[in-house]
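Chemist: To start, I am sharing the structure in question, which I have written as structure tokens.
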Ligand SMILES: C[S@@+](CC[C@H](N)C(=O)[O-])C[C@H]1O[C@@H](n2cnc3c(N)ncnc32)[C@H](O)[C@@H]1O
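Residue numbers (the working numbering): 1472 to 1771.
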């Protein structure tokens, strides 16, 4: 590709990124993540990509340009890909989250906001039992890292009750607004919680000091399916690379989001096999509609 062609490709990608982000649902997602879905469009549908590039180069009014079928299709493709990994998990009330938080006078009321995200909503009735079970296995820890956290950090008060007052949580997910919202809840109730909006599949995330703390207990709740949708086997890379010695990984036993081919049979069995192959101790159990796998890397 010549430099001019590369420049055109870059400009069109940026234009498409801004068109995709016009919808509030996608406005606070990290730019590199949106760009990665745009790169996927180029790879999966090169014909549509070339057509869009030609239209972009043509001198036409913005109004005419936006009416073109190819442009609409490109925007639709990228938004659909982002829905699979992000917005398909949100409840309709998610848009009112700040208002709902403002109305929570006590920490126990905040727990109800766990229902704003389909993942934590499903777990709502079993949270205490889950954390007690994890605690029995892991022992006391002062440090939890919740990767692709959704709204799970809103269960902070339960975590602290079970794991101890010194508990510190680092949580990350892709949407800036969501992470600011969790941080606002933390400030309101004086939780020792730090959040960050980041693409978990990026080097930026994997090199964060919090993610690289060997003494942390890592939560990867219902996250691996999203990573596998983007890049097969990437979850194995993540789990191997994390220096944490103890991890809790979970898999949904029902389809929550927009994963088209959601195979519920043998859910997570590939992950259990992978842990066993590495000689890690691994304890799977089902609670509610989720399979949890407690993993201890054998150099503990
Ligand atoms: C099924 S939800 C699970 C949420 C939470 N762990 C729970 O179980 O309550 C999957 C989460 O992964 C996040 N996610 C998926 N891919 C991601 C990525 N590349 N970077 C950051 N977050 C990601 C989504 O935004 C979503 O919140």
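For each residue, glycine too, the CB sits at the ideal point set by N, CA and C. Please read all numbers here as calculations on a predicted model, not as lab measurements.
1. Pull up the DSSP beta-bridge partners for residue 1757, would you.
2. Using 8 Å for Cβ pairs, my map puts residue 1602 next to residue 1629. What's the rounded Cβ distance?
3. Please give me, in chain order, every unbroken run of the beta strand (DSSP E) with length at least 3 that falls completely inside the region 1663-1728.
4. Considering only the alpha carbon of each residue, which of 1769, 1757 and 1538 lies closest to residue 1600?
5. Checking 8 Å against the spacing of the C-beta atoms, do residue 1591 and residue 1622 come in under that value?
6. Does DSSP classify residue 1619 as helix, strand or coil?
7. What residue does the alpha helix (DSSP H) around residue 1643 start on, and which one ends it?
8. Do residue 1619 and residue 1646 have their CB atoms nearer than 8 Å?
9. Regarding residue 1623 and ligand 1, is the C-beta to nearest heavy atom distance less than 7 Å?
10. Over the uninterrupted alpha helix (DSSP H) stretch that includes residue 1474, give me the two end residues.
11. Mind checking whether residue 1544 and residue 1511 have CB atoms under 8 Å apart?
12. Counting pairs of Cβ atoms below 8 Å between the region 1639-1654 and the region 1494-1502, do you hit three or more?
13. Grab me the residues of residue 1767's own chain with a C-beta within less than 7 Å of its C-beta, minus the 5 sequence neighbours each way, in chain order.
14. Are residue 1680 and residue 1653 close, meaning C-beta to C-beta below 8 Å?
15. Is the CB-CB distance between residue 1548 and residue 1516 below 8 Å?
16. Counting pairs of Cβ atoms below 8 Å between the region 1719-1726 and the region 1680-1700, do you hit three or more?
17. Name the residue from 1769, 1762, 1634 and 1740 whose alpha carbon lies nearest to the alpha carbon of residue 1749.
18. Relative to the C-alpha of residue 1505, which candidate in 1546, 1742, 1540 and 1538 has its C-alpha closest?
19. Please classify residue 1768: does DSSP put it in a helix, a strand, or coil?
20. Is residue 1672 a contact residue of ligand 1, with contact defined as CB to any heavy atom under 7 Å?
21. Let me know the secondary structure DSSP gives residue 1562 once reduced to three states.
22. Residues bridged to residue 1614 by DSSP?
Modeler: Reading from the atomic positions:
1. As a position in the chain shown, residue 1757 is number 286, starting the count at 1. DSSP output for residue 1757 lists 1762 as bridge partner(s).
2. The sequence position of residue 1602 within the chain shown is 131, counting from 1. The sequence position of residue 1629 within the chain shown is 158, counting from 1. The Cβ separation is near 6 Å, so the contact holds.
3. 1664-1668, 1688-1691 and 1717-1723
4. Here residue 1600 corresponds to residue number 129 of the chain shown, with the count starting at 1. For the residues 1769, 1757 and 1538, the minimum Cα distance to residue 1600 belongs to 1757.
5. Against the chain shown, residue 1591 aligns to sequence position 120. Against the chain shown, residue 1622 aligns to sequence position 151. Contact flag set, yes.
6. In the chain shown, residue 1619 corresponds to position 148, counting from 1. In the structure shown, residue 1619 sits in coil (DSSP, three-state: anything other than H, G, I, E or B).
7. Looking up residue 1643 in the chain shown gives position 172. Element bounds for residue 1643: not the alpha helix (DSSP H) but the beta strand (DSSP E), 1639-1644.
8. Here residue 1619 corresponds to residue number 148 of the chain shown, with the count starting at 1. Here residue 1646 corresponds to residue number 175 of the chain shown, with the count starting at 1. No, these two residues do not count as a Cβ contact at 8 Å.
9. As a first step, residue 1623 must be located in the chain shown, where it is residue number 152. For ligand 1, at least one heavy atom lies less than 7 Å from the Cβ of residue 1623.
10. In the chain shown, the residue the question calls residue 1474 occupies position 3. 1474-1491 is the extent of the alpha helix (DSSP H) around residue 1474.
11. Residue 1544 sits at position 73 when you count from the first residue of the chain shown. Residue 1511 sits at position 40 when you count from the first residue of the chain shown. Not closer than 8 Å, so no.
12. yes
13. Along the chain shown, one-based indexing puts residue 1767 at 296. Excluding positions up to five away in sequence, the list reads 1716, 1717, 1751 and 1752.
14. What you label residue 1680 is simply residue 209 of the chain shown in a count that begins at 1. What you label residue 1653 is simply residue 182 of the chain shown in a count that begins at 1. In this structure, residue 1653 does not lie closer than 8 Å to residue 1680 by Cβ.
15. In the chain shown, the residue the question calls residue 1548 occupies position 77. In the chain shown, the residue the question calls residue 1516 occupies position 45. Contact flag set, yes.
16. yes
17. Looking up residue 1749 in the chain shown gives position 278. Ranking the options by Cα distance to residue 1749, first place goes to 1769.
18. Within the chain shown, residue 1505 is the residue found at index 34, counting from 1. Nearest of 1546, 1742, 1540 and 1538 to residue 1505, Cα basis: 1546.
19. Here residue 1768 refers to the residue found at position 297 of the chain shown. Residue 1768 falls in the coil class under three-state DSSP.
20. Translated into the one-based positions of the chain shown, residue 1672 becomes position 201. Under cutoff, so the answer is yes.
21. Taking the chain shown and counting its residues from 1, the one referred to as residue 1562 is at position 91. It is coil, neither helix nor strand.
22. For the purposes of this step, residue 1614 is taken as the residue at position 143 of the chain shown. According to DSSP, residue 1614 bridges with 1639.
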